[in-house]
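Everything below concerns the one structure shown next.
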Amino acid sequence: MRDASGGVQNIVVFGGTSEIAVATLAHLLTPSTTAVVLACRDVDAGRAVAESLDVADTVEVVVEHWDATAHDSH
Numbered sequence: 042m043r044d045a046s047g048g049v050q051n052i053v054v055f056g057g058t059s060e061i062a063v064a065t066l067a068h069l070l071t072p073s074t075t076a077v078v079l080a081c082r083d084v085d086a087g088r089a090v091a092e093s094l095d096v097a098d099t100v101e102v103v104v105e106h107w108d109a110t111a112h113d114s115h
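Structure (structure tokens):
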């Protein structure tokens with residue numbers, strides 16, 4: 042979601058531990074970003090990605106378990 046000045050405030054990434062996800066996040070993160078959700082199968086790997094992100098302390102980064110192949114869970 043973008044704010045009035047075009048900055049990205051909230052980011053949700055499915056497959057949040059992939060190289061393309063990390064590159065996409067690096068591109069989308071702005072000073073106006075307030076929340077990032079990494080949806081991934083491997084929560085521990087997601088936490089490692091979250092810790093590696095260069096974000097301000099005010100940005101909430103959440104890691105959620107999500108498996109695209111588990112159709113009964115979504």
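Per the working numbering, the sequence shown starts with residue 42, numbered consecutively. Even for Gly, the Cβ is constructed at its ideal location relative to N, Cα and C.
For residue 58 against residue 90, the beta-carbon gap comes to about 5 Å, under 8 Å, which counts as contact.
By alpha-carbon distance to residue 43, the top candidate from 55, 71, 66, 60 is 71.
One thing to note: residue 106 has its Cβ within 8 Å of the Cβ of residue 84.
A straight-line Cα-Cα distance of about 17 Å links residue 75 and residue 63.
Shown here, residue 86 sits in a helix according to DSSP, grouped into three states.
Residue 66 holds the alpha-carbon nearest to the alpha-carbon of residue 96 among 110, 66, 87. Within the DSSP secondary-structure output, residue 101 pairs in a beta bridge with 76.
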